[in-house]
Amino acid sequence: MGACASSSRGRSNLGKNQKSTKVAAIPSTPAVQAGRAAASSEMEEKSSFTWRIDGFSSLLDKQKGWTNSGYFEMKELKWYLQLNLKDRKGRDERDYVSLVLVLSKTSDLKPDTIVEASFKLLIYGQAYGRHSEHEVSHQFQTTQSSRSSGISCMILVETLKEPSSGFIVGDSCVFGVELIKLTTAKAKHSSGTLHVQKINGFSAREVYTWVIDDLTLKGRCYSPEFEIGGRKWYLTMYPSSIDGNEEFLSLYLHMAKPDGDASLQNSGVVVEVSLSIKDKVTSNRNTKTGRCQFQATEDCDGWGWAKFIATKSVKDWYLVKGSCLIEADVAIVGSSKME
């Protein structure tokens, strides 16, 4: 059971595991405008990020949707990659591989800041060194539509899977981004590896229900911690939106930082998550679903939706005497580790 009266009430139960409020939008959702300004001197030095996915067949088997890499840093800004293995190009009915670069809303930029970037999105040819490259120039801003570099249908999935292409070797595939030019400060080179250990179907799928007895449409609140797949999780809700827009409720899922177990410290999981709001009588619900990588870090970054549902809809359809249910349906696709 739980109440959601104010942010101070939510924090009183945090104890030693104080929860982070860093969140990111699952694809197709608006992001939140960030705070402080970054430096703005132009640099020509390259930065890059590589994302190796082992057990790649486990993602090829999934339904249409985006898979997100963990966060990485280039030129003192936070980014992540989005991968779609079932994208479509125009009226072409065949599946394409799409790769997108996204500027995280946790990057400290003022709303009027523009980051002009030129970069290459790559699928690395591991066997023969023949890479698939797509060069992009984009002006990133803090508005949701400008945080993403846009859909990039790079190659057919059939081509990716052909043994002669050399893209998939030993059930491993490597994606990346190489920065050519960026209007920002100091450059850093980051590299990450995502190891996906295949799990049969969705055997790790579990559901947690958060009962909220007194939802006041203001403030910020946290759910109690719960365990799914051997990991601890929690939810954060902003009944009046994370960015202060009182027209929407924001909802996010976080992986809690492991206590004491060194083997879990910088590891994570790839999950498919569905978050729902329901009324307690008829189980009438509103649900959003996405796929993303959670990393066990000090920040406990979250994934979710800034505009999960209109507050008017919450009042009209889901509150019963001030109470409602929040449901988290988490399916673990595999395990991951950043190197």
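Just so it is clear: in the sequence shown, position 297 is 297 by full-length UniProt numbering, and no numbers are missing. The C-beta atom is built at its ideal place from N, Cα and C for all residues, glycine as well.
With distance defined between alpha-carbon atoms, name the residue in the options nearest to residue i.
| i | options | result |
| --- | --- | --- |
| residue 340 | Asp329, Cys153 and Phe226 | The displayed coordinates of the chain run from 1 to 339. Any statement about residue 340 would go beyond what the structure contains. |
| Glu225 | Ser250, Met237, Val100 and Ala256 | Ala256 |
| Thr55 | Val169, Gly302, Leu235 and Trp233 | Here the sequence assigns Gly to residue 55, which means Thr is not the residue at that position. Nearest option by C-alpha distance: Val169. |
| Arg147 | Glu162, Glu206 and Leu77 | Leu77 |
| Arg88 | Asn286, Thr50, Leu59 and Gly65 | Gly65 |
| Tyr80 | Cys292, Tyr238, Ser118 and Leu319 | Cys292 |
| Asp171 | Ile53, Trp317 and Tyr318 | Ile53 |
| Leu83 | Glu93, Gly70 and Gln295 | Gly70 |
| Ser149 | Ala117, Thr113, Glu246 and Ser164 | Ala117 |
Secondary structure at residue i, three-state DSSP: helix, strand or coil?
| i | result |
| --- | --- |
| Arg285 | strand |
| Ser118 | strand |
| Ser132 | strand |
| Leu160 | helix |
| Arg147 | helix |
| Leu85 | strand |
| Leu249 | strand |
| Leu60 | helix |
| Tyr165 | As written in the sequence, residue 165 is Ser, which differs from the Tyr given in the question. Note: Ser165 maps to helix in three-state DSSP. |
| Ser47 | strand |
| Ile242 | coil |
| Pro27 | The predicted model places Pro27 with a pLDDT of 45, which falls under 50 and marks its position as unreliable; any figure quoted below should be read in that light. Pro27 falls in the coil class under three-state DSSP. |
Spatial neighbours of residue i within its chain, please: C-beta separation below 6 Å, excluding the five flanking residues on both sides.
| i | result |
| --- | --- |
| Thr209 | Leu325 and Glu327 |
| Asp329 | Val207 and Ser274 |
| Tyr128 | Gly166 |
| Ser223 | Trp210, Tyr234 and Leu235 |
| Tyr124 | His131 and Val174 |
| Lys232 | Glu225 and Ala256 |
| Arg285 | Ser276 and Lys278 |
| Thr287 | Ser274 and Ser276 |
For a quick check, are the C-beta atoms of residue i and residue j less than 8 Å apart?
| i | j | result |
| --- | --- | --- |
| Ser250 | Gly304 | yes |
| Val177 | Tyr96 | no |
| Lys307 | Phe248 | yes |
| Lys280 | Val314 | no |
Which residues in the same chain as residue i place their Cβ atom closer than 7 Å to its Cβ, once the five residues preceding and following it in sequence are excluded?
| i | result |
| --- | --- |
| Leu103 | Leu77, Trp79, Val115, Phe140 and Arg147 |
| Phe119 | Leu101, Val136, Val177, Glu178, Leu179 and Ile180 |
If we require 3 or more residues per run, which beta strand (DSSP E) segments fall completely within the stretch 301-338? 302-310 and 324-337
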